[in-house]
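Q: One structure, as structure tokens, below. Some questions next.
2 protein chains.
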Amino acid sequence: MKQQKPTESELEILGILWEKGASTVREVHEKLAETKDAGYTTTLKLMQIMYEKGLLTRDASSKTHIYAAAVSQQETQQQLLSKMIDTVFGGSASQLVLQALGHHKSSDKELDQIRQYLNDIEKQQR
Amino acid sequence: MKQQKPTESELEILGILWEKGASTVREVHEKLAETKDAGYTTTLKLMQIMYEKGLLTRDASSKTHIYAAAVSQQETQQQLLSKMIDTVFGGSASQLVLQALGHHKSSDKELDQIRQYLNDIEKQQR
DNA sequence: ATTTGTTTACGAAGATATTCGTAGATGTTC
DNA sequence: GAACATCTACGAATATCTTCGTAAACAAAT
């Protein structure tokens with residue numbers, strides 16, 4: 033049972049739910065409104081559709097429903113990364129890594145994490 | 033003059049043109065057909081639209097037109113990476129890097145390239 | 001209990017993307 | 001040059017995504 037690919041708008045909503053956890057439509061909408069302008073019912077409709085598609089779960093026990101992401105952030109990341117590496121980076125994951133490191137600031141701590149990870153790989157190979 | 037965002041299908045075509053260089057519709061279509069099935073005129077139409085949008089250039093001097101990507105691979109990569117980091121990786125580029133390294137095989141040579149890059153950054157900071 | 005506000009449900013319009021049939025132009029082969 | 005193949009152009013159908021108006025249910029406030 034493979035997850036179907038979320039659309040652009042759906043991804044924005046998933047992003048919010050991954051970050052904030054289970055939320056009401058209102059909460060998601062407020063957050064969305066910070067960077068985008070759309071009516072409340074638009075957000076509602078999107079979330080209802082996502083629920084039907086199985087991208088979200090919802091608790092309808094009270095009048096105001098509570099929605100949560102039904103797909104994991106990591107799984108979705110993998111899916112999208114794979115596609116992107118394939119079509120846009122000519123199949124080379126390392127090319128993507130270099131691009132990402134080159135143009136998007138990372139903290140020292142994060143860079144250390146990456147170094148650590150590379151070291152671990154190296155060790156495994158011996 | 034900002035490049036408009038290519039659609040999913042358009043990206044596939046761009047990917048082929050980046051890899052193979054300037055090509056005819058037929059050539060692109062053959063390549064596309066390996067992984068997808070669509071009619072020839074569908075590919076043609078797509079490429080015509082991309083030309084109108086400015087995503088492709090074309091040489092129409094002979095009957096069979098020759099198309100080429102009008103947007104750079106790198107610029108497009110940046111654009112898509114930024115968006116993806118933002119919505120799917122909670123703004124953390126390093127998180128994306130770790131995911132990419134973790135799930136997509138890279139050769140030793142490529143990993144060395146990445147280590148080298150990290151070393152360079154480290155040096156710059158002192 | 002009427003007004004006011006918030007919520008869900010529904011349907012449909014509008015926008016965008018994808019697909020392909022058909023026609024006409026051009027080139028190729030016999 | 002007639003038959004055949006290949007190409008572009010065009011238009012339109014189809015599919016998908018996005019947006020929002022409206023109505024009904026419900027709750028809270030006066």
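Residue numbers (the numbering used here), protein chains in the order written: chain D, 33 to 158; chain R, 33 to 158. Glycine included, C-beta positions come from ideal geometry on N, C-alpha and C.
(1) If we call anything under 9 angstroms between Cβ atoms a contact, is H136(R) one with L78(D)?
(2) Alpha carbons only, please: which of L130(R), T89(R), K115(R) is nearest the one belonging to G47(D)?
(3) Relative to the C-alpha of E42(R), which candidate in Y72(R), K52(R), L87(R), A132(R) has its C-alpha closest?
(4) Taking only runs of the alpha helix (DSSP H) that begin and end inside the stretch 47–99 of chain D, which ones reach a length of at least 4 residues, in chain order?
(5) Using a 10 Å radius around the Cβ and a threshold of 16 neighbouring Cβ atoms, would you call K68(D) buried or exposed?
(6) So who's on the other strand from A101(D), going by DSSP bridges?
(7) Taking only three categories from DSSP, how would you classify H136(D)?
(8) Please report the straight-line C-alpha distance between Q127(D) and V60(R), rounded to a whole angstrom.
(9) Among K52(R), F121(R), I45(R), which has the Cα closest to the Cα of I81(R)?
(10) Taking 9 angstroms as the threshold (beta carbon to beta carbon), is T75(R) in contact with chain D?
(11) Roughly how many angstroms lie between the CA atoms of E142(R) and K141(D), to the nearest whole one?
(12) Taking one C-beta from the stretch 91–104 of chain D and one from the stretch 90–99 of chain R each time, how about it: are there three or more such pairs within less than 8 angstroms?
(13) For Q109(R) versus V57(D), is the C-beta spacing smaller than 9 angstroms?
(14) Spell out whether any CB of chain R is found under 9 angstroms from the CB atom of E84(D).
(15) Suppose the cutoff is 6 angstroms on Cβ atoms and the five residues either side in sequence are ignored; what does the same chain contact list for R147(D) look like?
(16) Return the Cβ separation of Y149(D) and L133(R) in integer angstroms, given the expectation that the two are a contact with Cβ distance under 8 angstroms.
(17) Taking C-beta pairs closer than 9 angstroms, name the residues in chain R that A125(D) reaches, listed in chain order.
(18) So with Cβ pairs under 9 angstroms, would you call L88(D) a contact of chain R?
(19) Please decide whether S104(D) counts as near chain R, where near means a Cβ-Cβ distance under 9 angstroms.
(20) Return helix, strand or coil for S124(D), following the three-state DSSP convention.
(21) Counting only beta-carbon atoms, is Y149(D) nearer than 9 angstroms to chain R?
(22) Closer than 9 angstroms between beta carbons: that is the criterion. Which residues of the stretch 107–122 of chain R meet it against chain D?
(23) At a Cβ threshold of 9 angstroms, is Q36(R) touching chain D?
(24) Would you mind working out which of S55(D), Q156(D), Q106(D), A125(D) sits nearest S138(R), comparing C-alpha positions?
A: In short, the structure shows the following:
(1) With a cutoff of 9 angstroms on beta-carbon distance, H136(R) and L78(D) are scored as not near each other.
(2) Selected option, being the one with the closest Cα: K115(R).
(3) It is L87(R).
(4) Correct list: 57–65, 72–85.
(5) Around the C-beta of K68(D), fewer than 16 other C-beta atoms lie within 10 Å, and the residue is accordingly described as exposed.
(6) Per DSSP, L88(D).
(7) In the structure shown, H136(D) sits in coil (DSSP, three-state: anything other than H, G, I, E or B).
(8) Between Q127(D) and V60(R), the alpha-carbon positions lie close to 23 angstroms from each other.
(9) With distances taken between CA atoms, I81(R) lies nearest to I45(R) out of K52(R), F121(R), I45(R).
(10) The beta carbon of T75(R) sits no closer than 9 angstroms to any beta carbon of chain D.
(11) In this model, E142(R) and K141(D) are separated by some 22 angstroms (Cα to Cα).
(12) When C-beta atoms of the stretch 91–104 of chain D are compared with those of the stretch 90–99 of chain R, fewer than three pairs fall below 8 angstroms, so the two segments do not count as touching.
(13) No, they are not a contact pair.
(14) No, E84(D) does not count as interfacial toward chain R.
(15) The answer is none, since no qualifying residue turns up.
(16) About 6 angstroms separates the beta carbons of Y149(D) and L133(R), which is inside the 8 angstroms limit, making them a contact pair.
(17) Within chain R, the C-beta atoms nearer than 9 angstroms to that of A125(D) come from A132, L133, H135, H136, K137, S138, E142, in chain order.
(18) With 9 angstroms as the cut-off, L88(D) does not count as an interface residue toward chain R.
(19) Chain R contact via Cβ: absent.
(20) It is coil, neither helix nor strand.
(21) Closer than 9 angstroms to some Cβ of chain R, the Cβ of Y149(D) qualifies, so yes.
(22) Here the close residues are T108, Q109, Q110, L112, L113, S114, K115, M116, I117, D118, T119, V120, F121, G122.
(23) It does not; no Cβ of chain D falls within 9 angstroms.
(24) Looking at the Cα atoms, A125(D) is the closest of the given residues.
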